[in-house]
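The structure appears right after this line, and notes come after that.
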Amino acid sequence: ARMDCKFPLHALVPKNETGAANFLAKYPEFDGKDVTIAVFDSGVDSRANGLQLTPGKEAKVIERFDCSGTGDVDMTKRVTANPAGVIVGLSGRSLKISSLMKKVNAKGEEFRVGLKSLYDLYPTKVREKIIAENKVKHWDEPHKKCVVDVSRKLEEFDQSHPSTANNLPYREKLKKENLEASMEMLNFCEKKFTEFKTTYDCVLLSTDKGWMAVIDITETGDLENAIHIREYSGNYDIQVINDYLSISVNVHNDGDVLEIVGMCSSHGTHVSAIACGYQPENRDLDGVAPGAKVVSLTIGDGRLGSMETGTAVVRAIIKVMELCNSGRRIDVINMSYGEHAHWSNAGRVGELMSEVVNKYGVVWVASAGNHGPALCTIGTPPDVCQPCCVGVGAYVSPDMMEAEYALRAKYGDVYTWTSRDPCIDGGAGVTICAPGAAITSVPEFTLSRAQLMNGTSMAAPHVAGAVALLISGLKQRKIPYSPYSIKRALMNAATKLKTVDPFAQGSGLLNVERAFEHLLDNAKEAEVRVRFNVNVTNGNAKGIHIRHGLLTKPEEFSVNVEPVFFNDKETPPKDKIAFNVRLILVASDEWVQCGKYLDLCYSARSFSVRVDPTGLRPGVYQSSVRAYDSKNVEKGTLFEVPITVVQPIVVGADQMFVHRIPEQTYLPNTIVRQFIYVPRYATWAVLKVKAEDPNGGKFFVHTLQVLPAKYCKALETQKIISVSNESDTVLPFKCEGDNILEVCIAKYWSNLGQTSITASVEFHGIHSTNGSIMHAANGIHRIDMKALRTEEVLPSISLKNAIVVLRPTESSITPLTNRDVLPPSRQIYQNVLTFSLNLTKHQEFSLHAPLFSSVLYESEFESQFWMIFDKNCMMVGCGDAYSCGNFIKLEKGEYTIRLQVRHEKKELLEKVSEATLIATFKLQSPINLDVFKSFSSAATGGKKIAAFQLTNKAPKPVYVTPLTNEKITKANLPSQCSWLDGTVTYAKDEYGRKVDTMSFQYVLIEGPLVKKANGAVKETKSKLEEYKEGLRDYQNSMIPKVELADAEEIYQELIVSNPKFLAAHVALIQNLESAEPKTQMPHAFAMALEKMEDKKGLKATLNRIIDLADLVIRETDVEGLLSFYGIKMDTRVDAVKIKANMDKQKGVLLEAYMKKIIAMGKLHVAAPAEDLEEVLTEVDEVFTGIGKFSDINDAKYLPVCIWHAFLHKHLGRMSKYLHKLYEEKQMREILEEQRQVFKVLNWSHVEKVIDRIIVNANPQTYRLF
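The UniProt record's numbering puts the sequence shown at residues 1 to 1265.
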């Protein structure tokens, strides 16, 4: 075969399909010049290929802002350089001022300092690359040497002790433990390397030319070799960190906040290259509008991966408004981001989006979503309260299939997964469709020149670029336009694709040339600056959507239409008075009826639409009522009322609740939709698909039900399946009765060939009453079950999570900063709620605020964001509106949670000051509730339920018993647990148990569990005895708290009156300890000792502590205690009293042991003993004494273990104990001691990592929202 050597470059960044290439050939000067596109995305790399310059050699990316807050650095701390030109950073490092900083600093020696972990500025893949590179460069070789060294020493030790390996002398055993501990720590560090984060010192200084930021990437304080970077605005200054990430900076609030702008993914750069990339070396690879400029507004939050937040979207909107007001007009917004909303007729963010379009004249282009092929899957945006956006679906052309996907056959169609109309309220979400893929530029951090990406995310920037072409031409020709005239032109000029799914293409495929002609031809029409607000008064909807059951009668709808001028409040009254259009109303189908004419002046009018679906066969029908100007019908539709009607198939008992889909031949992207009215009591269904010929295929199955006030994902199944003729492909899925189900089967767009298949949907169901919540206080809980058909039933309830309700300990409403002011002066406020959480062990849990959960664009509040901090103010987790199912793992400790809610109305924020947080803890193992067939069996603990048949004739009850105290205690629930959460299943059928699961909540009884009597005899004391004991205990409790002189007086008095009361000696030890340096760590103590003046006094204090401890040890009957704890069962009448007394004695003895070892260790540091062996022998004796009564590895004794290891110079053991202690108490002092240990061990690579951890784990202040 002849080889075609000419590669179709034009199809890599497609422009021919929509006429953009022809438009540029015809009007080369209208290439986007004088047009700016704001890209709401993950950040744009201005160093990427094609995004550096415009054809006019100007900067392409003219602004870069991170609106999410991810890159914010708190710079409120001011410092002054010392005479040597050194300042101290927040890391604690000494930072040497660079020569450039000295030269340009406008404020002399004053600087601002901050601290920033760049961990969350890096996209995940870049983070992994950097960690992998650092590991190879700086870790692997020295670490392997250390491992080999310790391994060799272990081997030598074993070889020198061959016969006594299992019975080593105590000292030798310690030596081996030390070597093993060293190996254990090396292995631990190797495993944890990927978690080590890098935090940089940041310095900010004011210069005559604006702010300059300095980022110490050397981590040594050598600012001469640090990054020096000016604000991006006006300077276009961008630097690279680690050869990967391009960053720029902005400064806010007069220097209080430094914003470091990175990128949370490559998505935004790719989007920008499609819209307006300029490739001078090969113009075929240009974006749609190569002359346009870009403002990068990052809305993806790096702390959340790349999820957008309300804060980020609103800040981006504010920045667009500010730029427009400053004369630097934003013409187009591209937003290839979005979620799915539960409703679209309300929402704070949606209102602000409309304001940007309606007041500032910006054309907002949004991706429709990638959640098809079922209907009602439009994302938000474009599905917001007003149809202000241009929603774009994704199309793939024959040329794209050939050049981008290397397919054998070529045909044009939409992608299978592109989201489909209508919006749930009946509105049109897809305005037009456009090419939804490209191979074009990506950021440098990908190490790739270009990549293939597809989705409506790629279709939207194609349209944004096309709009830039149109506006460029209109501006240069000085032709008036508005966002409304441009959207109408796009709709009326689009090419309708007759063979393509009408629900996916909107008005059709974008046609740039015809859209420009439409704008030219109709530039002087009265409605150029007018939008027509259309709402259907039944629910304030944007269209008519009938999908509620079998349609047996006509329905009437009242449609309200109101013309509104662009920037209505500033429109001259004469224009409003003069406005009048006489409309012709045209229904597109016979079953839709409306009036013929409507005279519309500048006021709202309404008309009635009658929909008669009674003659429609089962299926879905798309129609509309379109309004035309009677004077100029040729200019197309001024507005339309979209209508969608679903006539379902009814499946009943006479069909055995089975719907059979007849054989049909599927070509690529053939879509068959079946709308079935789900029978009452049905709770799950089984789809079976089988090929009827040898040609199998890949099919996309999407089942979906639209539920009231819930988003499209609430009850759906999406799966790509392989179908063959050998056996049925089975897909069970959950469903809900008395609601229409769409079963959508599509052959995947790129799966070539044809396949004939048959399919069936079989319904099953076990419907329950009282089946979701059980309150333990009510005792036996009854659940009534009713079946759709005869089913095998085996109820099972499994509780998997423990729920703790957190109430705020504090609420503070304050105004936000200057960048949170909506022009001209609408200040946004925040309500920051503070919560406390105490974890008694390592746990996995999730957090969410129920009042704000699962709502973003539809929320009445513009944003909600929480962060959780440890006691050192290090952020260890965060979440937003969608954090409910995101579990995090945290160690034991005390944590603070800060929740921020934002709005411009303080009175609304005041109403949420008592909002709660829900902490959902995963149980170590599920708890199963016992289910019984009868009440009597449940009440008497009889036989548990077995599988039985449930017919559809009458309901059948089952009974659930509450959990026993034993089960609750064994579960080790978190304190303040309010309820347990899990699932309930009823079916025995395998498919039913798999998909038909429902949430089940078990509400616990408040208060402590009932304690069983232990048979102990309660001790009776006289009032005088109680007084004497109370006085003694009070005096003892005060000894550690008062001044030493007073403590001595109380101590002497107490010893005289209670000579056998040994706890008094320990109390005095505690007082004496408070006078010495606070640290309990050996190396830190040694350093503190160097600065002490009264070393003699310290030695005397330590000797006194040792003497007091010895006194306790001598006076305690150690052998008697050991004998007591050796008793397996004490049958004496007063056994409880005896044990309590013995426990007290043991506690005092162990405390004395601990104090003695630590004091001896410190004394050895302060005044090294001449005979170290004598000291070690005594220390070992005390150390083993502790082990006789308790586990020496218990957290309580870790400080003793550390000193014991230190005295023996066992740095491996010391390191291991320090690590365990840090797990208990996350204190900087422990990490600093660990660093010293690694320094002595000469593990410099680990020492450097610990340095990083010390800085990262101790940020000193809470992170900014």
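C-beta atoms are modelled at their ideal positions from N, C-alpha and C, and glycine is treated no differently.
Judging by CA-CA distance, which residue of the options is the nearest neighbour of residue i?
i, options, result
"His-1204", "Phe-1183, Lys-319, Gln-864", "Phe-1183"
"Lys-988", "Gly-765, Val-314, Val-901", "Gly-765"
"Glu-527", "Ser-485, Pro-502, Pro-955, Gly-1187", "Ser-485"
"Asn-540", "Val-500, Ser-344, Glu-663, Pro-708", "Ser-344"
"Leu-687", "Met-321, Asp-728, Arg-152", "Asp-728"
"Leu-616", "Gly-652, Tyr-597, His-659, Leu-550", "Leu-550"
"Arg-547", "Pro-613, Thr-537, Gly-1161, Asp-654", "Pro-613"
"Arg-64", "Arg-660, His-143, Thr-298, Arg-283", "Thr-298"
"Val-430", "Tyr-748, Asp-254, Val-251, Gly-372", "Gly-372"
"Glu-1229", "Asn-82, His-1245, Ile-1253", "Ile-1253"
"Phe-948", "Pro-795, Ile-131, Lys-871", "Pro-795"
"His-1219", "Leu-1207, Val-1237, Lys-1209, His-1208", "Val-1237"
On the DSSP bridge list, what partners appear for residue i?
i, result
"His-775", "Val-1003"
"Arg-826", "Leu-822"
"Pro-123", "Answer by DSSP bridge pairing: none, since Pro-123 is not bridged."
"Ile-945", "According to DSSP, Ile-945 bridges with nothing at all."
"Cys-977", "Val-804"
In chain order, what residues of the same chain have a beta carbon less than 8 Å from the beta carbon of residue i, not counting five sequence neighbours either side?
i, result
"Gly-287", "Val-13, Gly-50, Ser-272, Ala-273, Ile-274, Ala-275, Cys-276, Gly-277, Tyr-278, Thr-440, Pro-461, Gly-465"
"Thr-814", "Tyr-829, Gln-830, Val-832"
"Asp-693", "Asn-725, Thr-755, Ser-756"
Here's a check: name, in chain order, each residue in its chain whose Cβ is nearer than 7 Å to the Cβ of residue i, leaving out the five neighbours to either side.
i, result
"Val-609", "Ile-544, Phe-557, Val-559, Val-592, Cys-594, Val-625, Val-641"
"Leu-118", "Thr-198, Tyr-200, Ile-241"
"residue 1276", "Residue 1276 lies beyond the residue range present for the chain, which begins at 1 and ends at 1265; the question has no answer from this structure."
"Val-314", "Val-349, Leu-352, Glu-862, Ser-863"
Short check: CB of residue i to CB of residue j, under 8 Å?
i, j, result
"Ser-472", "Val-44", "no"
"Phe-675", "Glu-742", "yes"
"Thr-790", "Thr-683", "no"
"Cys-385", "Gly-347", "yes"
"Ile-721", "Tyr-677", "no"
"Ser-482", "Arg-529", "yes"
"Lys-800", "Pro-962", "no"
"Met-453", "Ala-434", "no"
"Ala-403", "Thr-418", "no"
"Leu-851", "Glu-904", "no"
"Lys-1137", "Asp-1130", "no"
"Lys-490", "Leu-509", "Note that residue 490 corresponds to Leu in the displayed sequence, not to Lys. Cβ distance not < 8 Å, so Leu-490 and Leu-509 don't count as in contact."
"Asn-695", "Thr-416", "no"
"Ile-1250", "Gln-1260", "no"
Rounding to the nearest angstrom, what Cα-Cα distance links residue i and residue j in this structure?
i, j, result
"residue 1271", "Lys-107", "For the chain, the structure presents residues 1 to 1265; residue 1271 sits outside this window and is missing."
"His-842", "Thr-985", "30 Å"
"Cys-67", "Asp-930", "52 Å"
"Asp-1033", "Ala-1047", "14 Å"
"Val-901", "Asp-120", "22 Å"
"Phe-1189", "Lys-1128", "15 Å"
"Ala-409", "Tyr-122", "40 Å"
"Ile-238", "Leu-245", "10 Å"
"Asn-178", "Leu-973", "37 Å"
"Ser-354", "Ile-330", "15 Å"
"Thr-1116", "Pro-162", "41 Å"
"Leu-715", "Lys-145", "56 Å"
"Leu-1264", "Ser-1022", "60 Å"
"Arg-1132", "Met-867", "55 Å"
"Thr-703", "Lys-542", "25 Å"
So, at 6 Å on beta carbons, what are the nonlocal neighbours of residue i in its own chain, with the 5 sequence-adjacent residues on each side left out?
i, result
"Gln-1035", "Ile-1050, Leu-1054"
"Tyr-857", "Ala-341, Gly-347, Val-349, Gly-350, Thr-380"
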